[in-house]
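Structure record follows, encoded as structure tokens.
There are 2 protein chains.
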Amino acid sequence: MAKTTRLADTTSAMGATSERATLPLTGTHDGEVSGAQAATFARTTLAALARAAGVNKSTASRALREDSSIGRETRQRIRALAEELHYEPNASARRLSHARTEVLAFASHTFIQGRSEADPFLVELLGAVMREAGEVGFDILLCRPATGPKEVSVYRRVVGGHHADGFILMNLRAHDPRLPYLREQGFPHVLFGRPDEDLALAHRYPYPWVDVDNRSGARIGVEHLIHLGRRRIAFLGGGDTYIAAHDRFTGYRDALAAADIPFDAALCASPGISQEDGYRLTRDLLVGQAPPTAIFAFSDMLAVGAMRAVQEVGLLVGRDIAVMGFDGLGLGAYVTPQLTTIRQPLQQVGALLVRLLIAALKGEAPQGILLQPELVVRASTQSSLLDTSH
Amino acid sequence: MAKTTRLADTTSAMGATSERATLPLTGTHDGEVSGAQAATFARTTLAALARAAGVNKSTASRALREDSSIGRETRQRIRALAEELHYEPNASARRLSHARTEVLAFASHTFIQGRSEADPFLVELLGAVMREAGEVGFDILLCRPATGPKEVSVYRRVVGGHHADGFILMNLRAHDPRLPYLREQGFPHVLFGRPDEDLALAHRYPYPWVDVDNRSGARIGVEHLIHLGRRRIAFLGGGDTYIAAHDRFTGYRDALAAADIPFDAALCASPGISQEDGYRLTRDLLVGQAPPTAIFAFSDMLAVGAMRAVQEVGLLVGRDIAVMGFDGLGLGAYVTPQLTTIRQPLQQVGALLVRLLIAALKGEAPQGILLQPELVVRASTQSSLLDTSH
DNA sequence: TCGAGTAACGCAACCGGTTGCACTGTTACA
DNA sequence: TGTAACAGTGCAACCGGTTGCGTTACTCGA
Chain A
15 MAKTTRLADT
25 TSAMGATSER
35 ATLPLTGTHD
45 GEVSGAQAAT
55 FARTTLAALA
65 RAAGVNKSTA
75 SRALREDSSI
85 GRETRQRIRA
95 LAEELHYEPN
105 ASARRLSHAR
115 TEVLAFASHT
125 FIQGRSEADP
135 FLVELLGAVM
145 REAGEVGFDI
155 LLCRPATGPK
165 EVSVYRRVVG
175 GHHADGFILM
185 NLRAHDPRLP
195 YLREQGFPHV
205 LFGRPDEDLA
215 LAHRYPYPWV
225 DVDNRSGARI
235 GVEHLIHLGR
245 RRIAFLGGGD
255 TYIAAHDRFT
265 GYRDALAAAD
275 IPFDAALCAS
285 PGISQEDGYR
295 LTRDLLVGQA
305 PPTAIFAFSD
315 MLAVGAMRAV
325 QEVGLLVGRD
335 IAVMGFDGLG
345 LGAYVTPQLT
355 TIRQPLQQVG
365 ALLVRLLIAA
375 LKGEAPQGIL
385 LQPELVVRAS
395 TQSSLLDTSH
Chain B
15 MAKTTRLADT
25 TSAMGATSER
35 ATLPLTGTHD
45 GEVSGAQAAT
55 FARTTLAALA
65 RAAGVNKSTA
75 SRALREDSSI
85 GRETRQRIRA
95 LAEELHYEPN
105 ASARRLSHAR
115 TEVLAFASHT
125 FIQGRSEADP
135 FLVELLGAVM
145 REAGEVGFDI
155 LLCRPATGPK
165 EVSVYRRVVG
175 GHHADGFILM
185 NLRAHDPRLP
195 YLREQGFPHV
205 LFGRPDEDLA
215 LAHRYPYPWV
225 DVDNRSGARI
235 GVEHLIHLGR
245 RRIAFLGGGD
255 TYIAAHDRFT
265 GYRDALAAAD
275 IPFDAALCAS
285 PGISQEDGYR
295 LTRDLLVGQA
305 PPTAIFAFSD
315 MLAVGAMRAV
325 QEVGLLVGRD
335 IAVMGFDGLG
345 LGAYVTPQLT
355 TIRQPLQQVG
365 ALLVRLLIAA
375 LKGEAPQGIL
385 LQPELVVRAS
395 TQSSLLDTSH
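Just so you know, the sequences run in chain order A and B.
The numbers in my numbering rise by one with no breaks, and the one at position 127 of the first sequence is 141.
The numbers in my numbering rise by one with no breaks, and the one at position 46 of the second sequence is 60.
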């Protein structure tokens, strides 16, 4: 019975057009809606609560926030009543008058990487951010920024429309236009990554940031490869827009220089950031003359793609070619052979981002925090560990 | 002048505590803060816009939403002015009066799986949801529900506090307490997954839902394994709380029954949902007497863990033991050997969830949509494809 | 030429909280 | 015993939009 109805609706409603004409059951339909609406609007309001308690709105409001100017006994009575009546303050009303949203906006371009794949890196970070935000009673608003010239419009909407109290930014680029914008607007924000020197100096403004020492991390990673006897080490991916990519590339060159290994541009293929890119770039490297004996990838995703390419030409990862990534995603432990990587302390990063932003909201002076990544050695660079791969 | 006044107010308003005493650089500090705040509060309001245009607030409001009762010329003038003044309507104010938030709440327990790992499945779905929500002009509010008895409190806050217009629920359990709650509150919602029959019938209420045919999917998957000549097929993970797990298990048994393969409870290990669980459970199965020749895992994550366990005991995945997962995550293509799986059309699911919820918001009759998953055959079940693994 | 009709816009109430300030009744101190 | 200080509440404005309804100035048909 109900079932039949459901199916009938299913087909018509999909057609987003003149459904009303096709629906015979307008009566029931309308009745149901109004019923739902009634329940929706029946939620207890502060005025109702106050009336029930026999006090003024203002008294109730203050009692609920434990204002010491309200008598202890009154406070308890009102709180109990609020509990009983399932009172929940209307978020919009509170935000409007309080001029605070208790929402943090989180923006990342890589939220949807490529066609449909999600960026695992982003997810782990987002998880950490949400955890900490929940801790301090803030909600997270996810933003999917447009690309290109319309990019700023998303930020404008959030900033101008008071959708959030602050912004968490990542994927910083050189001369990132978002920074000056937020700066001019006086809108609180925190960066995952450091702004380029130019920008920071130009504004004489210490942006609050959290960063992982990409340069040092890359250097440690490449040194690890050199220590294993590899000398023809490729640098893979990252592109040339992101600051982090630049930093890691610098660290790569640092390590080479320190070991007196000449830099070979033919071993560096920077474009791309996805797993597929890693695959493609590596394949190209392998067919060239004098292929690398080790690959240092910008990210774990790229490294995984690289591994696939290496395996496809019949070479053994770890023995024939050492492959390492950067990020330390859970992913790296699942692949075969398990991936050597530079682990970023993402949990810590997420928590610090939130804390710094909250601090900025309170008007505290901005500060930067640099965290050290950690080398995680696994099978993909150690031929001796390869026996576990089968 | 006006600025100074405003600044004074700002600082005093900030002074929730005695931060003033502890900070030595109060001067600069205050200056900087107030500067930021000033910019923050200087955003053009509707009243200001109307004043600039020489019309009434209401006229401006209507002009911006293209109300036909406003003269065409006036509309254009005001829109142009709004553009020029970077006017953005205050979200809280609009929501308060409009009684609509244009926010969709998205709740999932598995957002943080285990200690720090993010659930890739969730992320791909979330990506799809965000994409579609952006399309129709809605924001997404991420919810991290508490576990245990306090679980409902999160929903209460969102529902009672008008944080969102509707809820997207997933990870449905048998007798899920969230469903009756939302139903009673008359709060719009949509489910990823079907509520159990009991609940749907008890409420005589056709919940709006989107689901993937788990039973049929599992059956197809297991039939694939049987077709390859496997007869001792293990069922791995999923636990017994989630409805999806139950459905997949039923599909598994369907396939066995259809092939006249006796069901063996010793081959079924249901607890757990993470990659680590897959590893552990598989290891246990392998050391038992009469280990399986194929493993059908509840999810890709579990399957990846299973593969690791298989490889660790020196067996070859695909040849010695066929392993397949369920979900069709990007992940499956990265592991070695690549994972056979049942792909869920997550992009479609995400889009439909949003559309159905929007429909519910408009008061349209709820409907259910069942999507068919798809078998993706890769190396982990095909010994002939194994040469690609090296 | 006059009343009805309509297009275009203004007025003011309202959404549901927050907050400065005025107003009581006590208590304590001179 | 008068009064200042203070604890405890109430009043009303305000946050920035939305919306029902009233008002004004025309146009048009009879």
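We put the CB at the ideal spot given by N, CA and C, even for glycine.
Anticipated Cβ contact below 8 Å, residue i with residue j, distance rounded
| i | j | result |
| --- | --- | --- |
| A/L136 | A/T124 | 5 Å |
| B/A119 | B/V172 | 5 Å |
| A/R262 | A/F340 | 6 Å |
| B/L343 | B/G292 | Rounded, the Cβ-Cβ distance is 13 Å, inconsistent with contact. |
| A/R145 | A/G364 | 7 Å |
| A/I247 | A/L281 | 7 Å |
| A/P387 | A/G231 | 4 Å |
| B/N70 | B/A62 | Going by Cβ atoms, the distance from B/N70 to B/A62 rounds to 13 Å, so no, they are not a contact pair. |
| A/L353 | B/L110 | The Cβ separation is near 51 Å, so there is no contact. |
| A/H100 | A/T58 | 7 Å |
Residue i versus the options, residue with shortest Cα-Cα distance
| i | options | result |
| --- | --- | --- |
| A/D227 | A/A308, A/A272, A/G235 | A/G235 |
| A/A142 | A/G251, A/Q358, A/H260 | A/Q358 |
| B/A283 | B/A272, B/D133, B/F310 | B/F310 |
| A/V166 | A/A74, A/T296, A/P191 | A/P191 |
| B/R333 | B/S394, B/R229, B/Y195 | B/S394 |
| A/T307 | A/P194, A/H241, A/R245, A/L193 | A/R245 |
| B/E149 | B/P163, B/L366, B/G174 | B/L366 |
| B/Q396 | B/G162, B/T355, B/L385, B/I383 | B/T355 |
| B/L300 | B/G286, B/F312, B/A279, B/V327 | B/V327 |
| B/A273 | B/A258, B/D254, B/G252, B/H238 | B/H238 |
| B/Q362 | B/V349, B/V224, B/F312 | B/V224 |
Same chain only: Cβ atoms within 7 Å of residue i, ignoring 5 sequence neighbours per side
| i | result |
| --- | --- |
| B/P380 | P220, Y221, P222, A374 |
| B/A178 | T115, V117, L118, A119, L155, V172 |
| B/L78 | I92, R93, A96 |
| A/N185 | S122, H123, T124, Y256 |
| A/V331 | M321, V324, Q325, V337, P351, S394 |
DSSP three-state assignment for residue i, whether helix, strand or coil
| i | result |
| --- | --- |
| B/E211 | helix |
| A/R158 | coil |
| A/H43 | Note on A/H43: pLDDT 32, under 50, position unreliable in the model; the coordinate value appears next. Looking at A/H43 - three-state DSSP - the assignment turns out to be helix. |
| B/L180 | First, the amino acid is wrong: residue 180 of chain B is Gly here, not Leu. Correct three-state label for B/G180: strand. |
| A/Y101 | coil |
| B/L196 | helix |
| A/V117 | strand |
| A/E80 | coil |
| A/L385 | strand |
| A/L205 | strand |
| A/F312 | coil |
| A/T395 | helix |
6 Å Cβ shell around residue i - same chain, five flanking residues per side excluded
| i | result |
| --- | --- |
| A/L370 | V204, P222 |
| B/P202 | G180, A374, L375 |
| B/R233 | G265, D268, A269 |
| B/H260 | none |
| B/D153 | V117 |
| B/T296 | A320, A323 |
Where residue i meets chain B, residues with beta-carbon distance less than 8 Å
| i | result |
| --- | --- |
| A/N104 | L110, G175, H176 |
| A/A74 | Correct list: empty, because the minimum Cβ distance to chain B is about 16 Å. |
| A/H100 | R170, G174 |
| A/Q386 | The contacting residues do not exist; A/Q386 stays about 18 Å from chain B at best. |
Contacts that residue i makes with chain A (C-beta to C-beta distance below 8 Å)
| i | result |
| --- | --- |
| B/M338 | The contacting residues do not exist; B/M338 stays about 15 Å from chain A at best. |
| B/I154 | L155, L156 |
Neighbour list for residue i in chain B, Cβ cutoff strictly below 7 Å
| i | result |
| --- | --- |
| A/F148 | Sequence inspection shows Gly at residue 148 of chain A; the Phe mentioned does not correspond to that position. Going along chain B in sequence order, the residues near A/G148 (Cβ under 7 Å) are R158. |
| A/R57 | G174 |
| A/P306 | Simply none; closest approach about 18 Å. |
Residue i: contacting residues in chain B (beta-carbon distance under 9 Å)
| i | result |
| --- | --- |
| A/Y348 | Q289, M315, V318, G319, M321, R322, L345, Y348, V349 |
| A/V204 | The contacting residues do not exist; A/V204 stays about 14 Å from chain B at best. |
Residues that residue i contacts on chain A, provided the C-beta gap is smaller than 9 Å
| i | result |
| --- | --- |
| B/T115 | A105, S106 |
| B/P276 | Near B/P276 there are no residues of chain A at all, since even the closest Cβ is about 32 Å away, more than 9 Å. |
Contacts around residue i, its chain only, beta-carbon distance under 8 Å, and the 5 residues preceding and following it disregarded
| i | result |
| --- | --- |
| A/G151 | E116 |
| B/R392 | G346, A347, P351, Q352, L353, T354, T355, L399 |
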